[in-house]
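To convert a position in the sequence shown, counted from 1, into this note's numbering, add 3. For each residue, glycine too, the CB sits at the ideal point set by N, CA and C.
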Amino acid sequence: MTHIRLPDTFLWGVATAGHQNEGDNSASDTWFLEHTTPSLFREPSGPACRGYQHWAADLDLAAGLGLNAFRFSVEWARVEPERGVVDPDALDHYERRVDGCLERGLAPLVTFNHFTAPHWFAADGSWTAADAPARFAEQCDRVMARFGDRIAYAVTLNEPNLEQLLQAGAKLPPEAEAVKLQMLAAAARAAGSGTYASANVIPADRQDEFQAAFTHAHRAAREAIKARRGDLPVGVSIAIADEIALPGGEERRDAKRAAVYDHWLREARDDD
Numbered sequence: 004m005t006h007i008r009l010p011d012t013f014l015w016g017v018a019t020a021g022h023q024n025e026g027d028n029s030a031s032d033t034w035f036l037e038h039t040t041p042s043l044f045r046e047p048s049g050p051a052c053r054g055y056q057h058w059a060a061d062l063d064l065a066a067g068l069g070l071n072a073f074r075f076s077v078e079w080a081r082v083e084p085e086r087g088v089v090d091p092d093a094l095d096h097y098e099r100r101v102d103g104c105l106e107r108g109l110a111p112l113v114t115f116n117h118f119t120a121p122h123w124f125a126a127d128g129s130w131t132a133a134d135a136p137a138r139f140a141e142q143c144d145r146v147m148a149r150f151g152d153r154i155a156y157a158v159t160l161n162e163p164n165l166e167q168l169l170q171a172g173a174k175l176p177p178e179a180e181a182v183k184l185q186m187l188a189a190a191a192r193a194a195g196s197g198t199y200a201s202a203n204v205i206p207a208d209r210q211d212e213f214q215a216a217f218t219h220a221h222r223a224a225r226e227a228i229k230a231r232r233g234d235l236p237v238g239v240s241i242a243i244a245d246e247i248a249l250p251g252g253e254e255r256r257d258a259k260r261a262a263v264y265d266h267w268l269r270e271a272r273d274d275d
């Protein structure tokens with residue numbers, strides 16, 4: 004057996020996503036869409052893994068495995084459940100998580116947006132709204148002001164190209180696009196807004212619009228985070244699949260890579 008000696012600075016950890024792990028994220032856009040008829044989501048998230056209550060046990064498990072890093076997201080919908088209304092208890096909660104990581108020898112990696120956003124944000128134009136980058140930057144700033152001095156790494160957006168990857172790889176059934184459009188239209192009616200949009204249910208004909216919006220949001224978030232702490236490593240998480248071309252398929256593989264990854268790889272050059 005070959006043994007590899009990893010450098011002392013190597014991070015070996017686990018990662019969670021707020022909506023998928025915490026449960027009862029009822030002020031979020033994804034929660035609203037889960038309870039819309041029709042819905043693309045067959046099963047609502049509900050209590051999920053109850054990570055919001057059991058976060059300390061999760062950290063104990065990670066530390067017990069000998070890991071040295073823990074990535075989690077700060078749910079914007081919990082921190083700002085209504086536009087302009089900040090819940091200090093939510094910030095207290097995430098601050099305890101950061102301190103809990105440090106107490107256990109785990110480097111805290113914080114994701115500032117892991118797909119989900121507040122319901123009010125989705126009903127008011129979502130990421131394509133003109134002031135969306137400024138709104139997101141405000142959220143990043145308030146989080147940094149509370150515990151940014153103690154985190155190890157910052158991730159602005161989680162996999163903003165995921166929908167592109169899924170569509171390029173034909174990973175969704177053909178009927179999914181129709182249900183997605185019906186769901187978003189129903190959500191807009193239920194919310195009493197002209198439109199409703201969310202980061203992980205992007206219609207195919209709005210992909211370019213959302214990619215541009217995510218780019219502006221990422222840059223604004225990076226600037227806000229760096230303004231609070233210039234030495235903090237900041238970047239974006241990119242969804243990348245391991246693609247191996249069969250003979251004759253190299254051109255298709257390269258075209259997919261260029262369409263799905265190249266923009267964000269170029270964007271990441273300005274990250275840490």
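Give the range of the alpha helix (DSSP H) segment to which R86 is assigned. If you number the sequence shown from 1, residue 86 lands on position 83. Note, R86: premise wrong, no alpha helix (DSSP H); not H, not E.
I need the boundaries of the alpha helix (DSSP H) containing Y156, first residue and last residue. Locating residue 156 in the sequence shown gives position 153, counting from the first residue. Not the alpha helix (DSSP H): Y156 falls in the beta strand (DSSP E), residues Y156 to N161.
So, is P177 buried or exposed, given that buried needs 16 or more other C-beta atoms within 10 angstroms? Position 174 of the sequence shown, counted from the start, is the residue given in the question as residue 177. P177 comes out exposed.
Close-in-space but distant-in-sequence residues of the same chain around K229 (CB under 8 Å, 5 per side omitted): As a position in the sequence shown, residue 229 is number 226, starting the count at 1. Excluding residues within five positions, the ones whose Cβ falls inside 8 Å are L235 and V237.
Do you know how far the Cα of P206 is from the Cα of L184? Here the question's residue 184 lines up with position 181 in the sequence shown. Here the question's residue 206 lines up with position 203 in the sequence shown. The alpha-carbon atoms of L184 and P206 are separated by roughly 7 Å.
Straight-line Cα distance separating P250 from R99: If you number the sequence shown from 1, residue 99 lands on position 96. If you number the sequence shown from 1, residue 250 lands on position 247. In a straight line, the C-alpha of R99 is about 53 Å away from that of P250.
Beta bridge counterpart(s) of G16 as assigned by DSSP: Translated into the one-based positions of the sequence shown, residue 16 becomes position 13. In DSSP, G16 forms a bridge with A72.
Specify the secondary structure class of G251 as computed by DSSP and reduced to three states. Your numbering for residue 251 matches position 248 in the sequence shown. Coil, per DSSP.
Tell me where the beta strand (DSSP E) around A110 begins and ends. Here the question's residue 110 lines up with position 107 in the sequence shown. First-last of the beta strand (DSSP E) with A110: A110 to T114.
So, does the stretch 106 to 113 touch the stretch 65 to 78, judging by three or more C-beta pairs under 8 Å? yes
Going by DSSP, name the residue or residues bridged to P121. Translated into positions along the sequence shown, residue 121 becomes position 118. For P121, which the question treats as bridged, DSSP gives the partners S31.
Whole-angstrom Cβ separation of A220 and L160, contact assumed at under 8 Å? Residue numbering aside, residue 220 sits at position 217 when the sequence shown is read from its first letter. Residue numbering aside, residue 160 sits at position 157 when the sequence shown is read from its first letter. About 7 Å; that satisfies the 8 Å criterion.
What is the DSSP secondary structure of S129, counted as helix, strand or coil? Within the sequence shown, residue 129 is the residue found at index 126, counting from 1. Three-state result, S129: helix.
Using only alpha-carbon positions, find the residue among Q210, F217 and M147 that is nearest to R231. Against the sequence shown, residue 231 aligns to sequence position 228. Nearest of Q210, F217 and M147 to R231, Cα basis: M147.
Taking its Cβ as the centre, do 16 or more other Cβ atoms sit within 10 Å of R256, making it buried, or is it exposed? Your numbering for residue 256 matches position 253 in the sequence shown. So R256 counts as exposed.
With DSSP collapsed to three states, give me the class of G195. Here the question's residue 195 lines up with position 192 in the sequence shown. If DSSP states are grouped into helix, strand and coil, G195 belongs with coil.
Could you pull out every residue in the same chain whose Cβ sits closer than 8 Å to the Cβ of Y43, ignoring the five residues on either side in sequence? Along the sequence shown, one-based indexing puts residue 43 at 40. First, the residue type needs correcting, since residue 43 is Leu and not Tyr in the sequence shown. L36, A179, V182, K183, M186 and V204.
Determine the extent of the beta strand (DSSP E) in which G238 is found, giving its start and end residues. Here the question's residue 238 lines up with position 235 in the sequence shown. First-last of the beta strand (DSSP E) with G238: V237 to S240.
Would you kindly work out how many angstroms separate the C-alpha atoms of N28 and R81, rounded to a whole number? The count along the sequence shown starts at 1 and reaches residue 28 at position 25. The count along the sequence shown starts at 1 and reaches residue 81 at position 78. Distance between the alpha carbons of N28 and R81 is about 7 Å.
For R209 and V77, I'd like the C-alpha separation in whole angstroms. Here residue 209 refers to the residue found at position 206 of the sequence shown. Here residue 77 refers to the residue found at position 74 of the sequence shown. Straight-line Cα distance between these residues: approximately 26 Å.
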